[in-house]
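**Q**
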Amino acid sequence: MFDLDGAWQLDERVSVRPERFGALLYHFGTRRLSFLKSSTLLDVVRRLPEQPSARAACAHAGVPDSELPRYRAALAALAASRMIRRRT
Amino acid sequence: MSEDIAVEVEPAAQVEDETRIEDEALLEDLLVEEVSIDGMCGVY
Amino acid sequence: MSLVDASGAACKPLIEQFQYGLDAPICLTWELTYACNLSCVHCLSSSGRRDPGELTTAECRALVDEFERMQVFYVNIGGGEPTVRPDFWDLVDYATAHHVGVKFSTNGVKITDAVARRLAASDYVDVQISLDGATEAVNDAIRGPGSYRTAVRAMEHLAAAGFRGFKISVVVTRRNAGQLDAFQAMADLYGAQLRLTRLRPSGRGADVWDELHPTDAQQRALYEWLLRHGENVLTGDSFFHLAGYGTSLPGLNLCGAGRVVCLIDPVGDVYACPFAIHDSFLAGNVRQDGGFARVWRSSELFAELRRPSGGGACSACSAYDACRGGCMAAKFFTGLPLDGPDPECVRGHGRTALDAVATGSVPKPSRDHSHRRAGPVPVTIGRRRPPDRACDESPLAGMARPGR
Chain A
1 MFDLDGAWQL
11 DERVSVRPER
21 FGALLYHFGT
31 RRLSFLKSST
41 LLDVVRRLPE
51 QPSARAACAH
61 AGVPDSELPR
71 YRAALAALAA
81 SRMIRRRT
Chain B
89 MSEDIAVEVE
99 PAAQVEDETR
109 IEDEALLEDL
119 LVEEVSIDGM
129 CGVY
Chain C
133 MSLVDASGAA
143 CKPLIEQFQY
153 GLDAPICLTW
163 ELTYACNLSC
173 VHCLSSSGRR
183 DPGELTTAEC
193 RALVDEFERM
203 QVFYVNIGGG
213 EPTVRPDFWD
223 LVDYATAHHV
233 GVKFSTNGVK
243 ITDAVARRLA
253 ASDYVDVQIS
263 LDGATEAVND
273 AIRGPGSYRT
283 AVRAMEHLAA
293 AGFRGFKISV
303 VVTRRNAGQL
313 DAFQAMADLY
323 GAQLRLTRLR
333 PSGRGADVWD
343 ELHPTDAQQR
353 ALYEWLLRHG
363 ENVLTGDSFF
373 HLAGYGTSLP
383 GLNLCGAGRV
393 VCLIDPVGDV
403 YACPFAIHDS
413 FLAGNVRQDG
423 GFARVWRSSE
433 LFAELRRPSG
443 GGACSACSAY
453 DACRGGCMAA
463 KFFTGLPLDG
473 PDPECVRGHG
483 RTALDAVATG
493 SVPKPSRDHS
503 HRRAGPVPVT
513 IGRRRPPDRA
523 CDESPLAGMA
533 RPGR
């Protein structure tokens, strides 16, 4: 299960491009594209490096508790595709 | 499983357990979609 | 019609979001020169001779600066043969230094072992070697004498230099459709990744399409092969018209022309797609005021492509949601209406439509930079002939009843 209480960040090789529907993320190493389908999710991802945990990033981005499972699943997908990684 | 979902999970050795998505219902409604940069027509 | 739901999330499938277009392409094809050392019979850009008006080095760099500002993630540099431009390496380095990834398509002519080692050392450059036969005879019949050896030599150099995962890009034709396993074996041998793409009747491809496009049986076999073996095979989403058979292949499964991709040609003309080099698909020129960004965002043609079109004659067909009416360029250059079936429609609707096309009404490419040939042409110039025996049959002939 994705660790919401861990510290995360975007991989350095990822380019973020905000879009009308959310954002495009392109990983120059894996050559994969991720489409973020919500601006709130983009906001969460951008806050990851400055917040102590992914949970805090979600809170600061205004994600309601009821939506947290949905955002957790999204973050899990981004970790699986190496778009985000744990902060060391 | 919806055909629209294109979440690719890396081979088991590379992925930590925490990246598995456990709830099938959440997969249907995923806020992230993925495709290879090669996956759009019009680039040769 | 709102594209977001109450929680702010995009509530329509991605395919529909993209149809309205983006502020910048995701990637694009950039043909650097019309010059080429080869004369492949199916060349989509009718290349061979340099155009006197090709973009200068300075203009090319300015274009890369635009790509960087727009955050175009990567460009596929092709041609002609891009490596014959003296400033080719300079431009590749410039692009990667400015956060634009590069994959370049080449016939391999300049990929020496020194070049291969230099490429292997760079993280932001990918290479795609063009090959259209797993054997010399099949390949050279399409690409010319010596071209197989040139490609293989390039692949050997890349493999020896440790460049893992370069691409071998094959246009599937009637002649090589039976060589798919052999192509995969070649890719495995060189540590490369196989890419299969669709032949379109574009450029010189129009002259040979009748005799080279796969038969129905081959098309079906290709689809089955991709489902079975295609996990690591790239297709550039060029077979999305095959989604009409059933399961979609990986990819966005929509025509990206003018929506998420486009072509910039050697003289700066911007077309919807590299398979549609024709005035009808010319959106503008990067030398105009506002450069490429203005063309992408404001051209009349792209605005038209980004308006929802609703399927036309295809909307009644149960396959439409999957195949989206197929390839715009394939329809255009076979004289078919754009709001009707693809010429290779898997339900056979394209063949019916082709029968109604008046001879002589098929559009010709707007540009031809082919070498002027003195000698005999290696293949028969196609005239519109009656279809093969295989094509006379119902598209479902001989197949198991579709499952699921």
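Chains A, B and C, in that order, are what the protein sequence lines are. Be aware that the first sequence starts at 1, since it is given in the working numbering, and climbs by one per residue. Be aware that the second sequence starts at 89, since it is given in the working numbering, and climbs by one per residue. Be aware that the third sequence starts at 133, since it is given in the working numbering, and climbs by one per residue. All residues carry an ideal CB built from backbone N, CA and C; glycine is no exception.
Whose C-beta lies closer than 6 angstroms to the C-beta of Cys175 (chain C) among residues of the same chain, with five residues either side of it excluded?
**A** Excluding positions up to five away in sequence, the list reads Gly335 and Arg336.
**Q** Along chain A, in chain order, which residues have C-beta atoms closer than 7 angstroms to that of Val123 (chain B)?
**A** Within chain A, the residues near Val123 (chain B) are Leu33.
**Q** Rounded to whole angstroms, what is the Cα-Cα separation between Tyr132 (chain B) and Ala490 (chain C)?
**A** Cα to Cα, the separation comes out at about 30 angstroms.
**Q** From which residue to which residue does the beta strand (DSSP E) around Pro18 (chain A) run?
**A** Where Pro18 (chain A) is concerned, the enclosing beta strand (DSSP E) stretches over Val14 to Glu19.
**Q** DSSP puts Asn417 (chain C) in a beta bridge; with which residues?
**A** Note: Asn417 (chain C) sits in a beta bridge opposite C:Asp401.
**Q** Would you mind stating whether Val247 (chain C) and His289 (chain C) have Cβ atoms separated by less than 9 angstroms?
**A** Their beta carbons are under 9 angstroms apart, which means Val247 (chain C) touches His289 (chain C) by this criterion.
**Q** Can you tell me whether Thr379 (chain C) is buried or exposed, with buried defined as 16 or more other CB within 10 angstroms of its CB?
**A** Looking at its Cβ environment, which holds fewer than 16 other Cβ atoms inside 10 Å, Thr379 (chain C) is exposed.
**Q** Would you report the Cα separation of Asp369 (chain C) and Gln9 (chain A), rounded to the nearest angstrom?
**A** When rounded, the distance between both Cα atoms is 31 angstroms.
**Q** Return the residue from the list C:Val365, C:Arg429 and C:Leu164 that minimises the CA-CA distance to Val393 (chain C).
**A** It is C:Arg429.
**Q** Can you confirm whether Ile158 (chain C), when its beta carbon is compared against all beta carbons of chain B, has any partner nearer than 9 angstroms?
**A** Closer than 9 angstroms: yes.
**Q** How big is the Cα-Cα spacing for Ala61 (chain A) and Ala227 (chain C)?
**A** C-alpha separation (whole angstroms): 35 angstroms.
**Q** At a CB-CB cut-off below 7 angstroms, which residues of chain C make contact with Leu75 (chain A)?
**A** In chain order: nothing, as chain C lies at least about 14 angstroms away.
**Q** Please give the ranges of any alpha helix (DSSP H) in the stretch 153 to 230 of chain C, keeping only runs that are unbroken, at least 4 residues long and fully inside the region.
**A** Here the runs fully enclosed are 189 to 202 and 220 to 229.
**Q** Considering Cα atoms alone, identify which of C:Arg438, C:Leu321, C:Ala353 and C:Gly297 is closest to Asn308 (chain C).
**A** Comparing Cα positions, the closest option is C:Ala353.
**Q** When the cut-off is 9 angstroms and only beta carbons count, does Val393 (chain C) lie next to chain B?
**A** So yes, Val393 (chain C) belongs to the interface.
**Q** Bridge partners for Val303 (chain C) per DSSP, in chain order?
**A** According to DSSP, Val303 (chain C) bridges with C:Thr329.
**Q** Ser412 (chain C): buried (16+ other C-beta within 10 angstroms of its C-beta) or exposed?
**A** Ser412 (chain C) is exposed by the Cβ-count criterion.
**Q** So who's on the other strand from Arg250 (chain C), going by DSSP bridges?
**A** Beta-bridge pairing links Arg250 (chain C) to no other residue.
**Q** Quick one: give me the first and last residue of the beta strand (DSSP E) that Val123 (chain B) is part of.
**A** It spans Val120 to Ser124 - the beta strand (DSSP E) in which Val123 (chain B) sits, taken as one unbroken run.
**Q** Is there at least one Cβ from chain C nearer than 9 angstroms to Ser131 (chain A)'s Cβ?
**A** Residue numbering for chain A in the displayed model covers 1 to 88; residue 131 (chain A) lies beyond these limits and cannot be assessed.
**Q** In the DSSP assignment, find the beta strand (DSSP E) that holds Arg86 (chain A) and state where it starts and stops.
**A** Taken as a continuous stretch (DSSP letters only), the beta strand (DSSP E) holding Arg86 (chain A) covers Ile84 to Arg86.
**Q** Since Leu36 (chain A) is in the beta strand (DSSP E), which residue starts that stretch and which ends it?
**A** First-last of the beta strand (DSSP E) with Leu36 (chain A): Arg32 to Leu36.
**Q** Under 6 angstroms Cβ to Cβ from Asp397 (chain C), same chain only, skipping five residues before and after it: list those, please.
**A** The residues are Glu163.
**Q** In terms of residues, what are the limits of the beta strand (DSSP E) holding Phe28 (chain A)?
**A** Run containing Phe28 (chain A): none; DSSP gives neither H nor E here.
**Q** Looking only at its chain, what residues have a beta carbon closer than 7 angstroms to the beta carbon of Ala529 (chain C), apart from the 5 residues adjacent to it on each side?
**A** With a pLDDT of 45 at Ala529 (chain C), under the threshold of 50, the modelled position of this residue cannot be trusted; read the value that follows with caution. Cβ within range, chain order: n/a, list empty.
**Q** I need the straight-line Cα distance from His481 (chain C) to Pro475 (chain C), nearest angstrom please.
**A** Answer to the nearest angstrom: the Cα atoms are 8 angstroms apart.
**Q** Counting only beta-carbon separations shorter than 9 angstroms, does Val131 (chain B) have a partner in chain A?
**A** No - not a single Cβ of chain A is within 9 angstroms of the one on Val131 (chain B).
**Q** Out of A:His27, A:Ala23, A:Arg20 and A:Phe2, point me to the one whose CA is closest to Tyr206 (chain C)'s CA.
**A** Measuring from the Cα of Tyr206 (chain C), the nearest candidate turns out to be A:His27.
**Q** Might you give, ordered along the chain, the residues of its own chain that have their beta carbon closer than 7 angstroms to the beta carbon of Arg182 (chain C), omitting 5 neighbours on each side?
**A** Around Arg182 (chain C): Thr165, Tyr166 and Ala167.
**Q** When you compare the CB of Gly507 (chain C) with every CB in chain A, is at least one pair closer than 9 angstroms?
**A** Summary for Gly507 (chain C): the model assigns pLDDT 47, below 50, so the residue's position carries little reliability, and this model does not support an answer.
**Q** Buried or exposed: where does Ala317 (chain C) fall if 16 or more other Cβ atoms within 10 Å of its Cβ makes it buried?
**A** It counts as exposed.
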